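The next block holds one structure in the form of structure tokens; read it before the comments.
Number of protein chains: 2
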Amino acid sequence: MYKPATIKDIALALKLSPSTVSRALRDGYEISAETKKLVMEYAQKVNYKSNPIALSLKNRRTYSIGIVVPKLANSFFSQAIAGIESIAYEKGYHTIITQTHDSSERERTNVNHLAQRSVDGLLISMSAGTSDYGFLKTLHNDGLPIVFFDRVIDDIDTFKVTSDNFKGAYNATESLIKKGRKKIALLSNAPQLSITNERLSGYMKALADYHIPFRPELIRNCSKGGNDYEEVEDAVKGLLALHEKPDAIFISSDRISISCVRALKNLDFDPNEIAIAGFSNSDVVDLLHPSISYVRQKAFEMGQIAVEMLLKLIESKYPITEFETKIIDTELFLIDQK
Amino acid sequence: MYKPATIKDIALALKLSPSTVSRALRDGYEISAETKKLVMEYAQKVNYKSNPIALSLKNRRTYSIGIVVPKLANSFFSQAIAGIESIAYEKGYHTIITQTHDSSERERTNVNHLAQRSVDGLLISMSAGTSDYGFLKTLHNDGLPIVFFDRVIDDIDTFKVTSDNFKGAYNATESLIKKGRKKIALLSNAPQLSITNERLSGYMKALADYHIPFRPELIRNCSKGGNDYEEVEDAVKGLLALHEKPDAIFISSDRISISCVRALKNLDFDPNEIAIAGFSNSDVVDLLHPSISYVRQKAFEMGQIAVEMLLKLIESKYPITEFETKIIDTELFLIDQK
DNA sequence: AAAATTTATGCAAACGTTACCATTTTTAAC
DNA sequence: GTTAAAAATGGTAACGTTTGCATAAATTTT
Chain A
1 MYKPATIKDI
11 ALALKLSPST
21 VSRALRDGYE
31 ISAETKKLVM
41 EYAQKVNYKS
51 NPIALSLKNR
61 RTYSIGIVVP
71 KLANSFFSQA
81 IAGIESIAYE
91 KGYHTIITQT
101 HDSSERERTN
111 VNHLAQRSVD
121 GLLISMSAGT
131 SDYGFLKTLH
141 NDGLPIVFFD
151 RVIDDIDTFK
161 VTSDNFKGAY
171 NATESLIKKG
181 RKKIALLSNA
191 PQLSITNERL
201 SGYMKALADY
211 HIPFRPELIR
221 NCSKGGNDYE
231 EVEDAVKGLL
241 ALHEKPDAIF
251 ISSDRISISC
261 VRALKNLDFD
271 PNEIAIAGFS
281 NSDVVDLLHP
291 SISYVRQKAF
301 EMGQIAVEML
311 LKLIESKYPI
321 TEFETKIIDT
331 ELFLIDQK
Chain B
1 MYKPATIKDI
11 ALALKLSPST
21 VSRALRDGYE
31 ISAETKKLVM
41 EYAQKVNYKS
51 NPIALSLKNR
61 RTYSIGIVVP
71 KLANSFFSQA
81 IAGIESIAYE
91 KGYHTIITQT
101 HDSSERERTN
111 VNHLAQRSVD
121 GLLISMSAGT
131 SDYGFLKTLH
141 NDGLPIVFFD
151 RVIDDIDTFK
161 VTSDNFKGAY
171 NATESLIKKG
181 RKKIALLSNA
191 PQLSITNERL
201 SGYMKALADY
211 HIPFRPELIR
221 NCSKGGNDYE
231 EVEDAVKGLL
241 ALHEKPDAIF
251 ISSDRISISC
261 VRALKNLDFD
271 PNEIAIAGFS
281 NSDVVDLLHP
291 SISYVRQKAF
301 EMGQIAVEML
311 LKLIESKYPI
321 TEFETKIIDT
331 ELFLIDQK
């Protein structure tokens, strides 16, 4: 079995003490130039690499941050992760990525696992299923730096970053209205998610501003967030079965948008009949058929901002008590439906 | 700052020695029943959790495995990772996921980073850009357990698992032939990848079996593997500009399939004119327009097999010298193009 | 009742590193 | 040429855990 060179090995070989070698390697001011040179060169020769585990034990720092997202296969999250990594690696942190598959149970397990593994901080976007987040509160109170992104929690006071879900939903709904649609349905995500409610508000406001009466039967919740296709198909079927059918659907969630497109395709509907707009960060929305207009979140950017906030939290000498919630613009892409 | 309870704390509180506490916690045979009970209960009370970092330092085992893939945003890889996790977590390992964005440079950095972080083993699917994998060979020779999946390397003797790329490509090509197509182009990935060549062979064999002459000008390599849309569009344009235009395209890569669909859409081509079949694990291939037939790899299953192989390697008492390469079937989904 | 055995516990070292304090050597000051 | 100051190096303990060995206490054997 492979055994890498240690400081002790170098000390022994060079007839120096481990402390001297350690200081020489870190370019300590108290070490003479020639000793430094000697040590550096020998270290190079035996390919010395400091042992991060020993360092972690000593310093109670791991230079790793935990990431908890519902699903890697969701483009929004993989884009956000790319953003996180871009900054984290640059700053010498590595990332431990975990997915919860939107299960509250797995979320708790993963978070505790990460905390136990002593990550220096946590970036988390909450699972759709989670209503009890006491475990997070405990960790937060114990001093674990946490930053929420996208799916945030009001109850825990820390840095947060989300999209401007209200405005995104407003604009999308408005675009449908401007196409002349008046009977606009809403397909929405699990109601305990922050983003679900913000997007709902945007939708309602747009209706109100254009004096379109709000019809509760046009709103359908898909609590499983599009992970369960059947649920979405049922919702769509329900809408199509209304005696006063909708002439447009606004979908307030990434995965549900895809499932809805699939449902409409399977139900063999006429694209002229119903206009669709939905949140989506899929990199192939523009190729889907039936085609849809879409609201895109700046996922990469959000990841970057989140990790920057976290690093601020981690590296601050003094406890931070003033927290910021950053809200990022969304982009609306209109597709001519034919 | 939060400071979790340690064995020492427990020992002090209970007026025992750390060794006794340690043994009691691990249910050592030499400890009296009452001491065990005492210790267990107190540990419970102060919420004692063993410190994995200290354990890693002591045991030279981290119970973590490194995963290196080209891109998380690629469905194939996120599915494979889900498969890996499903087994790994069950067996008490956690995973550190890294992506290379198909850059050889980042691949080397990530791998070395993981090795240095002392993962117990490595699961890797090679980047398109990598031609020099000396760094992997070195680590492998130093005794780091490595398992390759999907994009493997011949030169390094260890466990490997890939799809039956030859057969997958053969079947896809054959399906195009059976549709009556004779001028079948091939859009393919970086030539240094194992999968590229296997798929090329399958394509060639199908042509040969059906006595269709092979035309080199119908083969286009997209070395950037579909990460660069322009490259794919240029390739497609090139094909369409031939005086004897292809009547079908077989695409031997996931990302390139998507880019090709986009190119055909942008170039406003007639779906009747060119039939398309391509490798893809996207969960929305069936919704794309223009529509394509597709070969799907059993990504989840591949991930599971890969991690099982790795754990065998890691946990074996004696060095393993007999290695297996497992080949998994693919599935062909035919779409009626209209 | 003394010796032998079993049972339960404690001590010390180790994993690789660094930080504090102590010591030695060199240079500067008078 | 002694003393003071500065520069370079070494020793030790600590981070949290486990393990081999030593020891103490309890039990059994004769």
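Going line by line, the protein sequences match chains A and B.
The opening position of the first sequence corresponds to residue 1 in our numbering, with each subsequent residue numbered one higher.
The opening position of the second sequence corresponds to residue 1 in our numbering, with each subsequent residue numbered one higher.
Think of the CB as a built atom: it goes at the ideal place given N, C-alpha and C, for glycine as much as any other residue.
Keep in mind that this is a model prediction, so the values were computed, not measured.
Of all C-beta pairs linking the stretch 127-147 of chain A to the stretch 116-129 of chain B, fewer than three are shorter than 8 Å, placing the two stretches out of contact. For S75/A, the nearest beta carbon of chain B is closer than 8 Å to its own beta carbon.
Under the Cβ distance rule, G66/B does not count among the residues neighbouring chain A, no pair being separated by less than 8 Å. Short of 6 Å from the beta carbon of H140/B, and not among the five residues preceding or following it, lie these beta carbons of its own chain, in chain order: I146, I156. Using a Cβ-Cβ distance cut-off of 8 Å, the stretch 287-301 of chain A and the stretch 314-324 of chain A are not in contact, since fewer than three pairs of beta carbons, one from each stretch, lie closer than that value.
The C-beta distance from A306/A to I84/A rounds to 7 Å, short enough to fall under 8 Å. Following the DSSP letters along the chain, one finds F76/A inside the alpha helix (DSSP H) bounded by residues 75-90. Between T158/A and D120/A, the beta carbon gap of about 15 Å keeps them out of contact (Cβ cut-off 8 Å). Shown here, V261/A sits in a helix according to DSSP, grouped into three states. With contacts defined by Cβ atoms closer than 8 Å, I249/B and V232/B do not form a contacting pair. Cα atoms of K312/A and S163/A: separation of roughly 21 Å, rounded to the nearest angstrom. As far as DSSP is concerned, E217/B takes part in no beta bridge. Taking the C-beta atoms as reference points, G238/A is found no nearer than 8 Å to C260/A. When only Cα atoms are considered, I195/B and S86/B end up about 25 Å apart. Ranked by Cα distance from N272/A, the first of S280/A, D247/A, S253/A, S252/A is D247/A. Shown here, H289/A sits in coil according to DSSP, grouped into three states, outside any helix or strand.
Following the DSSP letters along the chain, one finds G168/B inside the alpha helix (DSSP H) bounded by residues 165-178. Assignment of A190/A by DSSP, reduced to helix, strand and coil, places it in the coil class. Its Cα nearest to that of V46/A, the residue I7/A stands out among F77/A, I7/A, P52/A. DSSP places H140/A in the helix class (H, G or I) of the three-state scheme. Two segments are said to touch when three or more pairs of C-beta atoms, one from each, lie closer than 8 Å; by this definition the stretch 50-57 of chain A does not touch the stretch 65-83 of chain A. Legend: CB atoms of the stretch 5-30 of chain A lying less than 9 Å from CB atoms of chain B are not found in any residue.
For G225/B, the three-state secondary structure derived from DSSP is coil. In this structure, the CA atom of A208/A is about 23 Å from the CA atom of L193/A.
For the stretch 114-140 of chain A, the beta-carbon criterion of a distance under 7 Å to any beta-carbon of chain B is satisfied by Q116, R117, S118.
Distance check between I274/A and each of G180/A, I258/A, Y89/A places G180/A closest, using alpha-carbon atoms only. Taking 8 Å as the CB threshold, V284/A lines the interface with chain B. Beta-bridge partners of A185/B (DSSP): I249/B. Remark: C-beta atoms of F149/B and M302/B approach each other more closely than 8 Å. If you draw a 10 Å sphere on the C-beta of E174/B, you find 16 or more other C-beta atoms in it, and that means buried.
Closest by C-alpha distance to C222/A, out of A241/A, S188/A, M204/A, F214/A, is S188/A. With respect to the 8 Å criterion, S103/A and S78/A are not classified as neighbours on the basis of their beta carbons. Closest option to D329/B, judged by alpha-carbon separation, among P213/B, R296/B, Y210/B: R296/B. Residue S64/B holds the alpha-carbon nearest to the alpha-carbon of E90/B among Q99/B, S64/B, D228/B, I31/B. Residues of the same chain with a CB within less than 6 Å of the CB of V161/A, apart from the 5 flanking positions on each side, are F149, M302, I305, A306, K326 in chain order. Within its own chain, the residues whose Cβ lies closer than 6 Å to the Cβ of S125/B, once the five positions on either side in sequence are excluded, are V69, F149, D150, R151, listed in chain order.
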